[in-house]
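K.L.:
One rule links them: number in my numbering = place in the sequence shown (from 1) + 1413. Ideal Cβ placement from N, Cα and C applies to all residues, glycine included. Bear in mind that the values here come from a model prediction, so they are computed numbers and not experimental data.
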Amino acid sequence: MKYLHDKELFSGAVVYQYPGSLTVAEGTNVTFYCDISEMGGECSYIVWVHVGPMRKLTLWPRKTYSVHTNTACLLNIINANRTSVGIFYCALLNGAMLNMGNGSVLEISDPITSDVTLEVLVPVDWQEAPSSPVPLLCLVSGLDPSQARVYWEVEGKVQSSERLPEVQSEKPASVRVQLSVPGHTWAEGEEITCVMESTSGVKMNKTVSRMGMERSRQGMFLAISLGSMCILLSIVVIIITLYVCRLRHDPRKKIFQPYKHNQDGAQGLTEVQYASLKFGAVSGRPLPAAKNRQYK
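What follows is the structure in structure tokens.
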């Protein structure tokens, strides 16, 4: 969101304000400071002017004013919300003049959702040499980077780390914090923890170590091996099942039917009768006829 820090509205920007800009979660208490020490005035002559997104001017209620010192005037915003978004100007009434501060921008960030994730990235090609440090990267995504504090702990002690620049193209934005761990600390299996704390009270952490990474790799190898065996066994079972089904439904298979029976229960027979005549070799008279024979 852009606002105009111009002098079209007021003149004489000799009053100093800080901070110049704040992005907070909804419901956060906010305090802006106004320094009028160079003007020689008092906080009782101060008013706070709010310029909204549509350049609507509003005098902020005086009940939110307070005094730090006689020349350090405060504006306290309790439970900041969407209506508080805009620029707050500290204005000193000095006779006929109105001296304005440089302005303080207030923005409300998007709320933290359940999609917030925290991951720790460990190099896989690290060589076990005490002289070579191990770079660890903590990646927190799914929330406004201005709402998150990310840091590293080793044996319960906070370590100095490097917060990498934000990638503007990432939606949602992410926080990347890198820690360089001494090689001997990593080789000894010390537990290293990345911690994220948000302004709304959400806290997440993740711990890694060399021993834990090795156990994780062994478990992954075992899981992959078992998974491969199960897949191979399933393929064999499917092939056997298909082969059996094909044999059962083969159209070339012969169909045999049992013999039919007559009504009297006896198997039907086909009778064939043969008659044989033999002639004598000398007289030419036929010999006695042979008896009929039945063949079944």
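1. Let me check one thing: in DSSP terms, what residues is K1570 bridge-paired to?
2. Please classify S1517 as buried or exposed, where buried requires at least 16 other C-beta atoms within 10 Å of its C-beta.
3. So which of M1467, T1484 and I1459 has the shortest CA-CA distance to Y1478?
4. By the DSSP assignment, the alpha helix (DSSP H) with T1444 in it spans what residues?
5. So does the region 1528-1535 actually touch the region 1427-1446, counting three or more Cβ pairs closer than 8 Å?
6. Helix, strand or coil for P1548, going by three-state DSSP, please let me know.
7. Any idea what DSSP makes of M1624, helix, strand or coil?
8. Nearest by alpha-carbon distance to D1624: which of L1435, L1577, C1643 and T1598 is it?
9. Assuming S1593 and P1546 form a contact by the criterion Cβ under 8 Å, report the distance between their Cβ atoms to the nearest whole angstrom.
10. Cutting at 8 Å between CB atoms, please list the residues of its own chain near I1521, excluding the five before and the five after it.
11. What do you get for H1662, buried or exposed, if any count of 16 or more other CB atoms within 10 angstroms of its CB means buried?
12. For G1555, which option in S1574, V1588, P1536 and R1562 has the closest C-alpha, if you only look at C-alpha atoms?
13. Given L1472, which residues of its chain have a CB within under 8 Å of its CB, disregarding the five upstream and five downstream residues?
14. Which one of Q1430, I1648, L1646 and I1605 has the shortest CA to CA distance from A1504?
15. Helix or strand or just coil, what does DSSP make of G1465?
16. For the beta strand (DSSP E) that A1485 lies in, which residues bound it at each end?
17. Is it buried or exposed, A1509, if we count other Cβ atoms within 10 angstroms and call 16 or more buried?
18. So, with DSSP's three-state summary, where would you put H1662?
19. Suppose you measure from the CA of T1482 to the CA of M1452; what does that come to, to the nearest Å?
20. Within 10 angstroms of its Cβ, does V1615 collect 16 or more other Cβ (buried), or is it exposed?
21. Name the one or two DSSP bridge partners that S1593 has.
22. Thinking just about the alpha-carbon of each residue, which of V1537, P1474, D1557 and K1476 is nearest to the one in M1609?
23. Quick check on N1512: buried or exposed, where buried means 16 or more other Cβ atoms within 10 Å of its Cβ?
24. With a Cβ-Cβ cutoff of 8 Å, do V1428 and C1456 count as a contact?
25. Please state whether DSSP places S1457 in a helix, a strand or coil.
26. Go through its chain and collect everything with a Cβ distance to L1660's Cβ below 7 Å, but skip five positions before and after it.
27. Going by alpha carbons, who is nearest to V1535 out of V1621, L1487, N1442 and Y1564?
28. Could you name the residues of the same chain whose beta carbon sits closer than 7 Å to that of R1566, not counting the 5 residues immediately before and after it, in chain order?
29. Could you say which of Y1656, L1487 and S1559 lies nearest to S1611 if we only look at CA atoms?
P.N.:
On the basis of the data shown:
1. For this step, residue 1570 is matched to residue 157 along the sequence shown. K1570 is bridged to V1567.
2. The sequence position of residue 1517 within the sequence shown is 104, counting from 1. Label assigned to S1517: buried.
3. Residue mapping note: residue 1478 aligns to position 65 of the sequence shown, counting from 1. Residue I1459 is the option with its Cα nearest to Y1478.
4. By 1-based counting over the sequence shown, the position of residue 1444 is 31. Segment V1443 to D1448 is the beta strand (DSSP E) holding T1444; no alpha helix (DSSP H) there.
5. no
6. Working through the sequence shown from its first residue, we reach residue 1548 at position 135. Reduced to three states, the DSSP call for P1548 is strand.
7. Numbered from its first residue, the sequence shown carries residue 1624 at position 211. It is helical.
8. For the purposes of this step, residue 1624 is taken as the residue at position 211 of the sequence shown. In the sequence as presented, Asp is not what sits at residue 1624; that position holds Met. The shortest C-alpha separation from M1624 is found at T1598.
9. By 1-based counting over the sequence shown, the position of residue 1593 is 180. By 1-based counting over the sequence shown, the position of residue 1546 is 133. The Cβ separation is near 5 Å, so the contact holds.
10. The count along the sequence shown starts at 1 and reaches residue 1521 at position 108. So the list reads T1436, V1437, A1438, E1439, A1493, N1494, R1495, S1497 and V1498, once near-sequence residues are dropped.
11. For this step, residue 1662 is matched to residue 249 along the sequence shown. Exposed, by the Cβ-count rule.
12. Within the sequence shown, the letter at position 142 stands for residue 1555. Closest by alpha carbon: V1588.
13. Working through the sequence shown from its first residue, we reach residue 1472 at position 59. These residues qualify, in order along the chain: V1460, W1461, V1462 and H1463.
14. On the sequence shown, position 91 is the one that residue 1504 refers to. Comparing Cα positions, the closest option is Q1430.
15. The residue labelled residue 1465 in the question sits at position 52 within the sequence shown. It is coil, neither helix nor strand.
16. Residue 1485 sits at position 72 when you count from the first residue of the sequence shown. From DSSP, the beta strand (DSSP E) with A1485 extends over A1485 to I1490.
17. For this step, residue 1509 is matched to residue 96 along the sequence shown. Exposed, by the Cβ-count rule.
18. Locating residue 1662 in the sequence shown gives position 249, where the first residue counts as 1. The answer is coil: DSSP assigns H1662 none of H, G, I, E or B.
19. Along the sequence shown, read from residue 1 onward, the residue named residue 1482 stands at position 69. Along the sequence shown, read from residue 1 onward, the residue named residue 1452 stands at position 39. Distance between the alpha carbons of T1482 and M1452 is about 14 Å.
20. For the purposes of this step, residue 1615 is taken as residue 202 along the sequence shown, with counting starting at 1. The residue is exposed, with fewer than 16 neighbouring Cβ atoms inside 10 Å.
21. Along the sequence shown, read from residue 1 onward, the residue named residue 1593 stands at position 180. DSSP, once it has assigned bridges, lists P1548 as partnering S1593.
22. For the purposes of this step, residue 1609 is taken as residue 196 along the sequence shown, with counting starting at 1. That would be D1557, whose Cα lies nearest to the Cα of M1609.
23. Along the sequence shown, read from residue 1 onward, the residue named residue 1512 stands at position 99. Buried is the call here.
24. Counted from its first residue, the sequence shown places residue 1428 at position 15. Counted from its first residue, the sequence shown places residue 1456 at position 43. No, the Cβ-Cβ distance between V1428 and C1456 is not below 8 Å.
25. What you label residue 1457 is simply residue 44 of the sequence shown in a count that begins at 1. The answer is helix: DSSP assigns S1457 an H, G or I state.
26. On the sequence shown, residue 1660 is found 247 positions in, with the first residue counted as 1. Correct list: empty, nothing qualifies.
27. By one-based count along the sequence shown, residue 1535 stands at place 122. Ranking V1621, L1487, N1442 and Y1564 by Cα distance to V1535 puts V1621 first.
28. On the sequence shown, residue 1566 is found 153 positions in, with the first residue counted as 1. Before going further, note that residue 1566 is Glu rather than Arg in the sequence given. These residues qualify, in order along the chain: Q1572, T1606 and V1608.
29. On the sequence shown, residue 1611 is found 198 positions in, with the first residue counted as 1. Taking only the C-alpha atoms, the option nearest S1611 is S1559.
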